[in-house]
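Colleague: In the numbering used here, the protein residues as written are 541 to 639.
My questions all concern the structure below.
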Amino acid sequence: GIRTGVFFGPMMPMISDRNIEQLFDKFAELKVDLVYVDRLNIKCGNWPSIENAVRKNYPELLKEYNEILFGKNSDYYQLLKKKAIKLLSERHLNFKMCY
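Laid out in structure tokens, this is it:
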């Protein structure tokens, strides 16, 4: 058969991970061969457009986005990485973390 993969990214804090368990369940149900997981990367001047989208659609999250993406001590993505690895492993999914 044809090998299949999913690129799950960029993970938008508090948006993409809201239903992460159900999403990974679906990947397992579909027998996806490989899951790539990546975080939201702020680079090449992309923050203004991301900020505008968050402000327009999720204004209540804007402060948290600034803390997660620009705060010196934010461990949000490291905790999310650990959670994703645990959930993917429990579902016996092959995966690669891109961060």
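Beta carbons are placed, not taken as given, at the ideal position from N, Cα and C, and that holds for glycine.
In or out: Arg558 buried (at least 16 other Cβ within 10 Å) or exposed?
Modeller: The residue given as residue 558 occupies position 18 in the sequence shown. With fewer than 16 Cβ atoms within 10 Å of its Cβ, Arg558 is classed as exposed.
Colleague: Would you decide whether Tyr605 is buried or exposed? Buried here means 16 or more other CB atoms lie within 10 Å of its CB.
Modeller: The residue given as residue 605 occupies position 65 in the sequence shown. With 16 or more other Cβ atoms within 10 Å, it is buried.
Colleague: Quick one, which of Lys622, Met637, Ile608 and Ser629 has its alpha-carbon nearest Asp565's?
Modeller: Start at 1 with the first residue of the sequence shown, and residue 565 comes out as number 25. Of Lys622, Met637, Ile608 and Ser629, the residue nearest in Cα terms is Ser629.
Colleague: Rounded to the nearest angstrom, what separates Pro550 and His632 at their Cα positions?
Modeller: As a working mapping, residue 550 is identified with position 10 in the sequence shown. As a working mapping, residue 632 is identified with position 92 in the sequence shown. Using only the alpha carbons, I get a separation of about 22 Å.
Colleague: Leu627: beta carbon under 7 Å from a heavy atom of the ligand GTP?
Modeller: Ligands in the displayed structure: none, and consequently the ligand GTP is not present.
Colleague: Just verifying my parser: in three-state terms, what is the DSSP assignment at Tyr576?
Modeller: The residue labelled residue 576 in the question sits at position 36 within the sequence shown. Tyr576 falls in the strand class under three-state DSSP.
Colleague: Are Ile625 and Tyr616 closer than 8 Å when you measure CB to CB?
Modeller: Start at 1 with the first residue of the sequence shown, and residue 625 comes out as number 85. Start at 1 with the first residue of the sequence shown, and residue 616 comes out as number 76. No, the Cβ-Cβ distance between Ile625 and Tyr616 is not below 8 Å.
Colleague: Suppose contacts are defined by Cβ-Cβ distances below 8 Å. Is Phe548 in contact with Val572 by that definition?
Modeller: On the sequence shown, position 8 is the one that residue 548 refers to. On the sequence shown, position 32 is the one that residue 572 refers to. Cβ distance not < 8 Å, so Phe548 and Val572 don't count as in contact.
Colleague: Using the beta-carbon count (16 or more within 10 Å), is Leu620 buried or exposed?
Modeller: Counted from its first residue, the sequence shown places residue 620 at position 80. Leu620 comes out buried.
Colleague: Give me the Cα-Cα distance between Asp578 and Pro553, rounded to the nearest whole angstrom.
Modeller: Taking the sequence shown and counting its residues from 1, the one referred to as residue 578 is at position 38. Taking the sequence shown and counting its residues from 1, the one referred to as residue 553 is at position 13. The alpha-carbon atoms of Asp578 and Pro553 are separated by roughly 11 Å.
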